[in-house]
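These protein sequence lines map, in sequence, to chains A and B. Each residue of the first sequence is one higher than the one before, counting from 308 in the numbering used here. Each residue of the second sequence is one higher than the one before, counting from 635 in the numbering used here.
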Amino acid sequence: MAYKLEFFMSKDYIEIRWHGRGGQGAITAAKIVAGAAFVSGYAGVVMAPTFGTERRGAPVMTSLKISRTKIYDLSPIETPDIVVVLDHLLLKEADVTHGLKPGGIIVLNTPMAFEFYHFKDYKLATADITAISVEAGLPHGMVNTGIIGSLEKATNLLGIDILIRGIEEEFRTRGPKKNSLAAKIAFERTVAGG
Amino acid sequence: MHMIENGNVAAALGVRRCRVNVIAAYPITPQTPLTERLSEYVEAGEMKAEYIPVESEHSALAVCIAASSAGSRVFTATSANGLLYMHEQVQWASGARLPIVMCVVNRAVGAPWNVWNDQQDSISQRDTGWIQIYCSDHQQIIDTVIKAYWIAEKVSIPIMVCYDGYILSHTYMPFDLPDQDKVDAFLPPFKPDYALNPDEPASLNTVTLPDVRVDVRGELAHGYMEIRYLLQEELRKTLAVAAEAEKRFGDIFGREGDPYLESYRTSDADYIAVGLGSLTYQLRVSVDALRKEGIKVGILGVRFYRPFPDEAVASALKGKKAVIVFEKALSYGYEGALASDLKSALYEHLAGTGALPAVQNYILGIGGREIHTDHLTQALRAAIQGSISKEPVWIGLKL
């Protein structure tokens, strides 16, 4: 896991692309990370969902750009540093690694073991967020807070504490503790390497 | 207080801060989340306003016209075909000199059906006698809504606050939410000279004859032509009022800029890119890249489009080698409306001075076609290298 810090220490501009299904809450997850990045001193955060064709269950994407300075280019991410995949079955439906920079990180919610996957040129982090979320007391299929724990474990980007605060704030009227617990368990159990 | 939200929420918060009394709107993508948010504020009692659901955009503006005539501060918002369906009432609102503020969340017009961003909707309403202001980010959206009420009520002319659908309306970014007490200090309650009142009944905007005539009080009343002349005169004078608004806003909120134009690296530039809305921010990335190669290029973002700040535009472009106008709309059968307006201003102020720049017009992003930053850079480079065409050139066309 030594790659984590090297990967980001020199970066003032980080692009994260989120792949999920309509209704899975990828936008909310990206928004929580955006908020945590902003309060951590990233003056520029821009989160842009795919536009106009969202349907429940259909593959959707969200772009999150994080920068030390104001972001003027609102166009979609073409060469992400990180891709977050909320459903492993999307690997068969969408080209999730499209444009991913060499050495980039894939954060994947999957019931399969880490060893099951082989991504050439990329680093991988996996956890069974679907099971972890149920363990944390969330309804089956709610994975958008757990995945934030995996993202942090894989990248060491913002620190888990600030993300936990962001999750509890976002879900303050909708089970804040269960959601933050899912992220904490995911943070502990995520297997990362590559 | 800083917050991270989408552009529609920035607009809704601006409307709420302005203590609007009456909202009438019909939902249309990508405007829908804005009016939904306002209805939630009203339902929760967080906004003391009447939210009037209507069956069409035409009725939405009709309700706003009536409520504004009765002395209320009113708001509506729409996009694309909704704005086109409103068109008859759009003309009425300016003719009736009502200070209505409307957000236009820019979207392509049908046919064919398309819900994505371009600016054909508001550009097609250019000649309706409304003030039009274009925003490039969420801070500009919320600040412009607040300034718009002050300007509109000062000059009794309605204002369209235009921002790009999806690119701004659905994208999240940080912005400062102005404090309520500062907004209250900036924007006094709306007190029109006359408001419809059952105790003092009046007929407004009834048949007005081609010539002047003596009215029931025995006073010489304006004919239609005088009323329309005054709309034009007072629209032109609105440029000075906008400068006053900007100064006043800066004094209270500490954010102040040029009221009409937003310049980026223009002072020493030989070449200037011109556009409306979020595109002018994306262009900054291209300009920075070209500057690294030593090419002196800058950007002029037109914020105030109507009334057109012709003098400021001509002054900013005087002596430049080329002006490159990027547009997400066009006057079909000729060229981009902004390019035509800009050429008119250049001719008016610079003809015969030897300081007239060449003008290249690009059309792009129509119906939400993705605008790649490297395409913008290539287009700028082509024009800078002397490729100036008579007809507008379409960027990203796949024919």
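Ideal placement from N, C-alpha and C gives every residue a C-beta, glycine not left out.
For chain A, check one thing: does any of its Cβ atoms lie closer than 9 angstroms to the Cβ of tyrosine 800(B)? yes
Counting contacts by CB-CB distance shorter than 9 angstroms, is valine 919(B) in contact with chain A? yes
Let me check understanding here. Comparing Cα to Cα, which of Glu860(B), Leu811(B), Pro832(B) and Leu864(B) lies closest to aspartate 845(B)? Glu860(B)
If you check the beta carbons only, do aspartate 798(B) and serine 706(B) fall under 9 angstroms apart? Their beta carbons are not under 9 angstroms apart, which means aspartate 798(B) does not touch serine 706(B) by this criterion.
N- and C-terminal bounds of the beta strand (DSSP E) containing serine 756(B): No beta strand (DSSP E) contains serine 756(B), which is instead part of the alpha helix (DSSP H) from 754–757.
Assign valine 447(A) to buried or exposed, taking buried as 16 or more other Cβ atoms, counted over all protein chains shown, within 10 Å of its Cβ. Checking the displayed sequence, the identity of residue 447(A) turns out to be histidine instead of valine. Exposed: under 16 other Cβ atoms inside 10 Å.
Valine 795(B) and isoleucine 775(B) closer than 9 angstroms at C-beta: yes
Using beta carbons (cut-off 9 angstroms, strictly below), is aspartate 319(A) in contact with chain B? No, aspartate 319(A) does not count as interfacial toward chain B.
Neighbour list for valine 269(A) in chain B, Cβ cutoff strictly below 7 angstroms: Limits of chain A in this structure are 308 at one end and 501 at the other, which puts residue 269(A) out of reach.
Examine the Cβ distances between the stretch 740–754 of chain B and the stretch 950–968 of chain B and report whether three or more of them are shorter than 8 angstroms. yes
Cutoff 7 angstroms; reference isoleucine 886(B); Cβ partners in own chain excluding five residues on either side: Lys816, Ala819 and Phe820
Using a Cβ-Cβ cut-off of 9 angstroms, state whether asparagine 828(B) counts as contacting chain A. In the sequence as displayed, the identity of residue 828(B) is tyrosine instead of asparagine. No, tyrosine 828(B) lies away from the interface with chain A (no Cβ there is under 9 angstroms from its Cβ).
Can you confirm whether alanine 341(A), when its beta carbon is compared against all beta carbons of chain B, has any partner nearer than 9 angstroms? Closer than 9 angstroms to some Cβ of chain B, the Cβ of alanine 341(A) qualifies, so yes.
Chain B residues whose Cβ lies nearer than 7 angstroms to that of phenylalanine 345(A): Result: Ile638 and Pro808.
Just list the alpha helix (DSSP H) runs in the stretch 730–771 of chain B, keeping only unbroken ones of 4 residues or longer that don't cross its boundaries, in chain order. 754–757
Three-way DSSP call (helix, strand, coil) for serine 901(B) in this model: coil
On a Cα-Cα basis, can you pick out the residue from Tyr719(B), Arg741(B) and Trp784(B) that is closest to alanine 734(B)? Note that residue 734(B) corresponds to isoleucine in the displayed sequence, not to alanine. Of Tyr719(B), Arg741(B) and Trp784(B), the residue nearest in Cα terms is Trp784(B).
My guess is that valine 367(A) and glycine 329(A) are in contact by the Cβ rule of under 8 angstroms, so how many angstroms apart are they, rounded? 5 angstroms
Residues in the same chain with beta-carbon distance under 8 angstroms from leucine 976(B), minus the five sequence neighbours each way, listed in chain order, please. Val908, Val947, Leu951, Val957, Val959 and Val993
Flag histidine 983(B) as yes if its beta-carbon sits less than 9 angstroms from any beta-carbon of chain A, otherwise no. no
For aspartate 388(A), which residues from the same chain have a beta carbon less than 6 angstroms from its beta carbon, with the 5 sequence-adjacent residues on both sides left out? Answer for aspartate 388(A): Ile321, Glu322, Lys408 and Gly411, listed in chain order.
Since glutamate 1004(B) meets chain A, which of its residues come closer than 9 angstroms, beta carbon to beta carbon? Ser382 and Pro383
Which residue comes first and which comes last in the beta strand (DSSP E) that contains glutamate 961(B)? 956–961
So with CB distances below 8 angstroms, who are the chain A contacts of histidine 1009(B)? By Cβ distance, chain A contributes nothing, its closest Cβ being about 10 angstroms from histidine 1009(B), past 8 angstroms.
Mind listing the chain A neighbours of histidine 804(B)? Cutoff is C-beta to C-beta under 8 angstroms, in chain order. Within chain A, Ala355, Pro356 and Phe358 have C-beta atoms less than 8 angstroms from the C-beta of histidine 804(B), given in sequence order.
What does a CB cutoff of less than 7 angstroms around glycine 953(B) pick up in its chain, not counting 5 residues either side in sequence? Ala989
By DSSP's criteria, methionine 807(B) is part of a beta bridge. Which residues make up the other side? Answer is Glu639(B).
Taking a Cβ distance cut-off of 7 angstroms, strictly less, list which residues of the stretch 747–773 of chain B are near chain A, in chain order. Val749 and Trp750
List in chain order: all unbroken alpha helix (DSSP H) runs of 4+ residues lying wholly within the stretch 380–437 of chain A. 397–400
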